[in-house]
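Going by our numbering, the first residue of the sequence shown is number 717, and it counts up by one from there.
Backbone N, C-alpha and C fix where the C-beta goes; we use that ideal spot for every residue, glycine too.
On a predicted model such as this, the values are computed, not experimentally measured, just so you know.
Data first, discussion second: the structure below is written as structure tokens.
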Amino acid sequence: MEMEPNRGGPDLRDAHRFAVEAAQAAGRLLRRGTRGELHARAKNDSGDLVTDLDLAAERLIVDRIRARWPEHGVIAEEGGEYAADTSWAWLVDPLDGTNNVAIGLPAYVVGIALCDQGSPVLGVVHDPVAGRTWSAVRGGGAFVHESGPAGRPLAAPRRPVPTAPVLAWTQGHEVARDDSTARALKVVLDTTARRVLQLWAPLLSWVMLARGDIDGIVGYRPEAVDLPAGMLLAAEAGMVVRALDGGCFDDRYGSPADRRSFVAGPPETIDRLVKLVTAAQWIEPQVRQLTPISLSTVGW
């Protein structure tokens, strides 16, 4: 496995193995926990949830990182930042898909990324239900792990250009219901794609793209903590990530929400996907004039 120089940082082979093992350990905790009673509560007014499982899995991963690399920063989904004023920082999403778990839907994963100067150099996504792990190292390729830390190379198979693509959609928790850009994008996707998946677990969408199961992902102001691991996995598997206008995507963690929007897909169809999403600008003025139906209007 060839890897880019890490500028005096951690040995990426060591960090890779460490992250895979940490994600798998958290996955075992989650798998056991989902068999029992869940205690879910709202995190904020957006409807996003947190459970005791989120907190326990995050504690397991963060404790391992801080014990192994106490000088590194850690930015975790639930706990916030731990000494994050360093060029090396770990991003931890201990349970991507909490809302799915809360309703008994077995579609959730664990995500871990290591960033250097904000850009991901290592990403791991573990599916506790399937018992499989996917990982990537910048410049070193993508891998699938059937069990344990050892993996084999992963490359998305070539797929014929679809007549109508199967796409995944993700948006940030803070995107308002009346956001005209999000609504315009959804209208375009719903009327042109064969199917639009909204999985409530964006890292799972990235895995599906990296495997070649779907034709693309469109993200609008997505959450920052789970973006680097999935994006690196897809890129190392041969996919392309661009900004919504087709320009270069800034992969650095911490970019403002309006610069995190993206379109991702295979190199042979990425231009078509960009044209698809840029078409939303033509209908956004009309969408802006429409008033979303509120729950109170229908007596909820």
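The stretch 927–938 makes no contact with the stretch 793–805; the number of CB pairs closer than 8 Å stays below 3. Within the same chain, and ignoring the five residues on either side of residue 827 in sequence, the residues whose Cβ sits closer than 6 Å to its Cβ are 809, 812, 841, 919, 942 and 945. Within the same chain, and ignoring the five residues on either side of residue 754 in sequence, the residues whose Cβ sits closer than 6 Å to its Cβ are 767.
Between the stretch 767–786 and the stretch 875–891, the count of C-beta pairs closer than 8 Å stays below three; the two stretches do not touch.
If you ignore the 5 residues before and after residue 915, its C-beta comes within less than 7 Å of the C-beta of 823, 884 and 921, all in its own chain and listed in chain order.
Excluding sequence positions up to five before and after residue 994, its CB lies within less than 8 Å of the CB of 960, 961 and 962, all in the same chain and listed in chain order.
With respect to the 7 Å criterion, residue 937 and residue 996 are not classified as neighbours on the basis of their beta carbons.
Spatial neighbours of residue 906 in its own chain (CB-CB distance under 7 Å, excluding positions within 5 residues in sequence) are listed in chain order as 912.
CA-CA distance, residue 825 to residue 848, rounds to 10 Å.
For residue 797, the pairing in a beta bridge is given by DSSP as 791.
Along the stretch 853–933, the beta strand (DSSP E) occurs as fully enclosed runs of 3 or more residues at 857–861, 868–870, 882–887 and 911–913, listed in sequence order. For residue 966, no alpha helix (DSSP H) run applies, since DSSP gives it neither H nor E. Residue 789 and residue 805 do touch by the CB rule: their CB atoms are close to 4 Å apart, below 8 Å. Secondary structure at residue 998: helix, using DSSP grouped into helix, strand and coil. When C-alpha distances from residue 725 are compared across 803, 917 and 976, the shortest belongs to 803. Secondary structure remark: continuous alpha helix (DSSP H) runs of at least 4 residues inside the stretch 743–785, in chain order: 768–784. When the Cα atoms are used, residue 741 and residue 859 turn out to be separated by approximately 18 Å.
Its Cα nearest to that of residue 756, the residue 814 stands out among 814, 998, 969 and 743. Between residue 852 and residue 728, the C-beta gap is not smaller than 7 Å, which leaves the two residues out of contact. With respect to residue 775, residue 738 sits apart: the two C-beta atoms are not nearer than 7 Å. Residue environment for residue 863: exposed (fewer than 16 other C-beta atoms within 10 angstroms of its C-beta). Taking the CA atoms as reference points, residue 988 sits about 34 Å from residue 845.
Secondary structure at residue 845: coil, using DSSP grouped into helix, strand and coil. Between the alpha carbons of residue 889 and residue 935 lies a gap of roughly 12 Å. In this chain, residue 817 is not harboured by any beta strand (DSSP E); it is covered by the alpha helix (DSSP H) spanning 814–818. For residue 941, the three-state secondary structure derived from DSSP is coil.
Taking residue 799 as the centre and dropping the five residues before and after it, the same chain places the C-beta of 789 closer than 6 Å to its C-beta, in chain order.
For residue 730, the closest alpha carbon among the candidates 748, 975, 838 and 745 is that of 838. Between residue 830 and residue 735 the beta-carbon gap is near 7 Å, inside 8 Å, which marks them as a contact.
Here residue 957 is near residue 965, since their CB atoms are less than 7 Å apart.
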